[in-house]
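In what follows, a single structure is set out as structure tokens and then discussed.
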Amino acid sequence: MQDLLQFTLTGITIGSIYAIVALGFVTIYSVTKVINLAQGEFVMLGGLTMFSLVSVGVPYWLSFIATILFVTLIGWLMEFLLIRRAKGADAISLIILTIGTSIFIRGISSMVWGKDQHTVAPFTENTPVTIGGASITPQSIWVVLIMLLVVGLMYMFIDKTMLGKAFQASSVNPMAARLMGISPKRMSSFSFVLSAALGAIAGLAIAPIIFPAYDMGAMLGIKGFSAAILGGLGSAPGAVIGGLLIGLFESMGAGYVSSGMKDIITFSIFLLILIIRPNGILGEKTIGKGGL
Amino acid sequence: MKLQGVQQTKWWGVVVFIVAILIFPMIVTQSFFITQATFAGIYAIIAIGLGLLMGYAGQISLGQAAFYGVGAYTTSILTATWGWSPWLSLPIALLVPALLAFFMGYTMSRLSGYYLAMATLALGIIVHGLLVEGKGITMGASGFYGIPQLTLFGMTINQGVPYYFLVWFFVLLVLILSLNIVHSRVGRALRSIHDSEIASSSMGVNTGRYKMQVFILSAVFAGLAGWLFAHMSYSISPSAFTFDASILFLAMVVLGGSGSVWGALIGALLIRMIGITVHTLGEQFTFITSDSEHVIYGLILILVVIFMPRGLFPTVVDWLKNTTIKRVEKKASVAVTPIKRSVSE
Numbered sequence: 108m109q110d111l112l113q114f115t116l117t118g119i120t121i122g123s124i125y126a127i128v129a130l131g132f133v134t135i136y137s138v139t140k141v142i143n144l145a146q147g148e149f150v151m152l153g154g155l156t157m158f159s160l161v162s163v164g165v166p167y168w169l170s171f172i173a174t175i176l177f178v179t180l181i182g183w184l185m186e187f188l189l190i191r192r193a194k195g196a197d198a199i200s201l202i203i204l205t206i207g208t209s210i211f212i213r214g215i216s217s218m219v220w221g222k223d224q225h226t227v228a229p230f231t232e233n234t235p236v237t238i239g240g241a242s243i244t245p246q247s248i249w250v251v252l253i254m255l256l257v258v259g260l261m262y263m264f265i266d267k268t269m270l271g272k273a274f275q276a277s278s279v280n281p282m283a284a285r286l287m288g289i290s291p292k293r294m295s296s297f298s299f300v301l302s303a304a305l306g307a308i309a310g311l312a313i314a315p316i317i318f319p320a321y322d323m324g325a326m327l328g329i330k331g332f333s334a335a336i337l338g339g340l341g342s343a344p345g346a347v348i349g350g351l352l353i354g355l356f357e358s359m360g361a362g363y364v365s366s367g368m369k370d371i372i373t374f375s376i377f378l379l380i381l382i383i384r385p386n387g388i389l390g391e392k393t394i395g396k397g398g399l
Numbered sequence: 003m004k005l006q007g008v009q010q011t012k013w014w015g016v017v018v019f020i021v022a023i024l025i026f027p028m029i030v031t032q033s034f035f036i037t038q039a040t041f042a043g044i045y046a047i048i049a050i051g052l053g054l055l056m057g058y059a060g061q062i063s064l065g066q067a068a069f070y071g072v073g074a075y076t077t078s079i080l081t082a083t084w085g086w087s088p089w090l091s092l093p094i095a096l097l098v099p100a101l102l103a104f105f106m107g108y109t110m111s112r113l114s115g116y117y118l119a120m121a122t123l124a125l126g127i128i129v130h131g132l133l134v135e136g137k138g139i140t141m142g143a144s145g146f147y148g149i150p151q152l153t154l155f156g157m158t159i160n161q162g163v164p165y166y167f168l169v170w171f172f173v174l175l176v177l178i179l180s181l182n183i184v185h186s187r188v189g190r191a192l193r194s195i196h197d198s199e200i201a202s203s204s205m206g207v208n209t210g211r212y213k214m215q216v217f218i219l220s221a222v223f224a225g226l227a228g229w230l231f232a233h234m235s236y237s238i239s240p241s242a243f244t245f246d247a248s249i250l251f252l253a254m255v256v257l258g259g260s261g262s263v264w265g266a267l268i269g270a271l272l273i274r275m276i277g278i279t280v281h282t283l284g285e286q287f288t289f290i291t292s293d294s295e296h297v298i299y300g301l302i303l304i305l306v307v308i309f310m311p312r313g314l315f316p317t318v319v320d321w322l323k324n325t326t327i328k329r330v331e332k333k334a335s336v337a338v339t340p341i342k343r344s345v346s347e
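These protein sequence lines map, in sequence, to chains A and B.
Quick note: the first sequence uses the numbering used here, first residue 108, plus one each step.
Quick note: the second sequence uses the numbering used here, first residue 3, plus one each step.
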């Protein structure tokens with residue numbers, strides 16, 4: 108019982124990160140129909156930028172802001188320089204384009220930060236707290252709180268602001284949105300900015316837990332993508348559910364079987380769920396968009 | 003009269019290809035380049051299969067390395083652990099990936115688009131994980147060793163020129179088979195699926211069956227490449243069959259041009275050449291490291307998608323055709339409507 112609680116807490120922590128990454132996928136997909144496989148690199152950049160800033164003595168609050176701004180800039184550049192130029196390319200080519208970008212960013216990062224893992228000190232005093240026999244570090248609590256905050260802010264933004272409404276409109280019906288004077292280019296650009304910001308937040312939150320390195324983006328991106336698919340691509344609540352589930356499968360797999368088996372178990376369950384629910388748990392109405 | 007849209011296999015291309023294979027080891031004698039050319043052949047087999055899947059059936063596989071790895075490990079276990087002859091294990095090394103693809107395709111038949119792409123990615127991760135974790139059978143992450151060499155008529159096919167010829171002989175077989183498929187009824191059906199699945203389905207094309215067949219075929223090719231890879235070296239390790247490898251195969255197809263058998267072959271050669279160039283430069287200049295290789299791969303993928311969305315080979319061929327058509331027009335000085343159609347060889 109104590110084990111179960113422990114694994115659940117670990118699962119929710121890592122699942123929160125997957126949920127934020129998955130939200131990044133959904134944000135870009137819902138507006139541009141692009142699957143951005145460089146999403147994980149935003150997380151990596153977030154973690155490593157945070158490391159660089161903190162290690163030269165920049166206060167945490169300033170590092171947060173600077174990290175988010177920097178990664179956001181990269182996201183904007185990616186849309187402006189690459190995605191926009193490739194309009195009209197088919198879905199497979201666009202995926203390849205984002206894969207190319209991710210390999211490129213990873214290569215540059217390994218030159219800048221080297222191949223070692225880096226250590227970032229936790230946000231606050233990190234003595235584990237014991238809850239019902241299971242221990243949880245304050246940093247994990249921070250991660251979960253940040254995820255909740257991000258989900259809350261996203262909801263407020265999408266539902267309560269004019270820009271959010273425009274965003275929603277261009278994802279539901281791009282043509283009608285355009286006729287209403289919403290610029291699809293601006294929305295596409297904005298989706299990448301927002302998604303990069305999400306990646307940066309995930310990266311800086313997880314940095315003290317997983318020792319960021321240049322190659323951490325690939326697996327985080329894959330897990331985030333699975334989470335988005337599991338929840339039903341295009342659905343924001345689905346992304347959060349998917350992320351938490353992937354996190355839980357992983358921690359249960361690592362805890363009850365072995366840490367080497369965790370990915371095998373996670374992706375096997377993932378495939379099983381897809382066989383039962385081919386459109387994801389919450390389901391996407393327009394499956395197979397993009398002519399794949 | 004020649005039917006519009008029906009294309010014959012242009013055999014002179016195959017002849018040029020055979021001559022190039024024969025001449026290469028005469029010009030280039032360094033064993034390093036022969037080995038690299040052998041690897042390029044192994045990759046070309048996978049790329050051709052993946053190219054058929056992507057360009058003709060319009061499906062993306064992010065886990066092609068799984069079939070490659072399954073083929074390699076099947077033959078390694080059969081020959082090294084069970085003492086089979088490598089030639090006897092060849093059909094099994096093709097059959098097991100085929101069965102895996104069939105099982106995968108069958109259970110995943112309700113999936114499409116990105117869901118299917120993610121499913122193949124998941125398969126790749128699961129297979130790689132099993133190769134690492136199944137220590138009792140696969141010897142785990144440190145690698146499987148003791149794989150016997152191939153023999154033919156009592157002679158060992160050594161690594162180097164003999165193995166080079168063996169690999170490229172198989173590339174030739176795969177190439178001819180693929181060109182024939184592309185120019186057959188099946189090829190036309192596949193192309194119609196790529197253009198519009200709904201339209202071809204309503205014209206009576208059994209889209210599901212064709213997609214399944216080409217998926218299995220791509221797995222068989224990958225299995226063949228795995229068999230060749232395993233017997234080339236004394237040992238193999240799971241690190242050759244990762245997600246990165248799957249991405250590399252994808253890069254070959256995109257670079258050369260999906261929807262083109264020749265394109266996939268050329269893409270495989272080019273990607274290998276880029277790797278060798280960076281490697282050679284890295285030996286002379288210390289600032290060029292293996293990281294640069296990744297940066298260059300990434301950059302090439304980006305540039306190809308943006309400037310040549312159809313890939314190198316079809317773009318170049320179209321350009322050549324257009325210039326010849328213009329020249330012919332000038333000569334005849336008769337208005338001829340240039341026939342623009344996608345190159346599909």
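All residues carry an ideal CB built from backbone N, CA and C; glycine is no exception.
Alpha-carbon spacing of residue i relative to residue j, whole angstroms
i, j, result
"phenylalanine 318(A)", "histidine 296(B)", "23 Å"
"valine 72(B)", "glycine 345(A)", "34 Å"
"isoleucine 215(A)", "glycine 60(B)", "32 Å"
"glycine 85(B)", "leucine 152(A)", "50 Å"
"isoleucine 218(B)", "threonine 326(B)", "39 Å"
"phenylalanine 41(B)", "lysine 330(A)", "31 Å"
"leucine 107(A)", "isoleucine 127(B)", "A question about residue 107(A) goes unanswered here, because the residues of chain A that appear run from 108 up to 399."
"glycine 131(A)", "methionine 263(A)", "16 Å"
"serine 87(B)", "tyrosine 45(B)", "24 Å"
"leucine 389(A)", "lysine 272(A)", "22 Å"
"alanine 100(B)", "leucine 322(B)", "38 Å"
"tyrosine 321(A)", "serine 159(A)", "13 Å"
"asparagine 280(A)", "leucine 378(A)", "31 Å"
"leucine 168(B)", "leucine 267(B)", "17 Å"
"valine 347(A)", "phenylalanine 374(A)", "17 Å"
"glycine 310(A)", "valine 150(A)", "4 Å"
"alanine 121(B)", "isoleucine 380(A)", "11 Å"
CB contact check: residue i to chain B, cutoff 8 Å
i, result
"leucine 399(A)", "In this prediction, leucine 399(A) scores a pLDDT of 32, lower than 50, which makes its location untrustworthy; the coordinate-derived value is nonetheless stated afterwards. Leucine 399(A) counts as touching chain B."
"isoleucine 199(A)", "yes"
"serine 182(A)", "Residue identity check: residue 182(A) is glycine in the sequence provided, not serine. No, glycine 182(A) does not count as interfacial toward chain B."
"serine 196(A)", "Per the sequence shown, residue 196(A) should be read as alanine rather than serine. Yes, its Cβ sits closer than 8 Å to a Cβ of chain B."
"threonine 208(A)", "yes"
"phenylalanine 149(A)", "no"
"leucine 355(A)", "no"
"isoleucine 394(A)", "For isoleucine 394(A), the predicted model reports a pLDDT of 42, less than 50, meaning its position is unreliable and no value from the coordinates is stated."
First and last residue of the uninterrupted alpha helix (DSSP H) at residue i
i, result
"valine 163(A)", "First-last for valine 163(A): undefined, no H or E at that position."
"tryptophan 264(B)", "263–286"
"glycine 221(A)", "No alpha helix (DSSP H) contains glycine 221(A), which DSSP labels as neither H nor E."
"histidine 130(B)", "115–135"
"asparagine 182(B)", "163–184"
"glycine 65(B)", "Premise fails: glycine 65(B) is in no alpha helix (DSSP H) and is neither H nor E."
"lysine 369(A)", "369–383"
"tryptophan 86(B)", "First-last for tryptophan 86(B): undefined, no H or E at that position."
"glutamine 38(B)", "33–53"
"isoleucine 79(B)", "Counting along the chain, isoleucine 79(B) falls outside any alpha helix (DSSP H), and DSSP gives it neither H nor E."
"arginine 293(A)", "291–317"
"lysine 272(A)", "269–279"
"alanine 343(A)", "343–359"
Any chain A beta carbon closer than 8 Å to residue i
i, result
"serine 296(B)", "The sequence given here has histidine at residue 296(B), not serine. Chain A contact via Cβ: present."
"phenylalanine 245(B)", "yes"
"glutamate 135(B)", "yes"
"proline 311(B)", "yes"
"valine 169(B)", "no"
First and last residue of the uninterrupted beta strand (DSSP E) at residue i
i, result
"leucine 236(A)", "Checking the sequence, you will find valine at residue 236(A) rather than leucine. That run of the beta strand (DSSP E) goes 236–238."
Residues bridged to residue i [DSSP beta-bridge criterion]
i, result
"methionine 157(B)", "Leu154(B)"
"isoleucine 149(B)", "According to DSSP, which records beta bridges pairwise, isoleucine 149(B) is partnered with nothing at all."
"serine 242(A)", "Thr237(A)"
"isoleucine 238(B)", "Phe146(B)"
Closest residue to residue i among the options (Cα-Cα distance)
i, options, result
"lysine 194(A)", "Asp320(B), Thr325(B), Val307(B)", "Val307(B)"
"glycine 131(B)", "Met368(A), Leu381(A), Asn386(A), Ile382(A)", "Met368(A)"
"serine 175(B)", "Tyr299(B), Val263(B), Leu154(B)", "Residue identity check: residue 175(B) is leucine in the sequence provided, not serine. The residue with the shortest Cα to Cα distance from leucine 175(B) is Val263(B)."
"leucine 337(A)", "Tyr117(B), Ser111(B), Leu24(B)", "Tyr117(B)"
"threonine 231(A)", "Ser242(A), His225(A), Val250(A), Ala241(A)", "Val250(A)"
"phenylalanine 26(B)", "Ala39(B), Gly65(B), Trp14(B)", "Ala39(B)"
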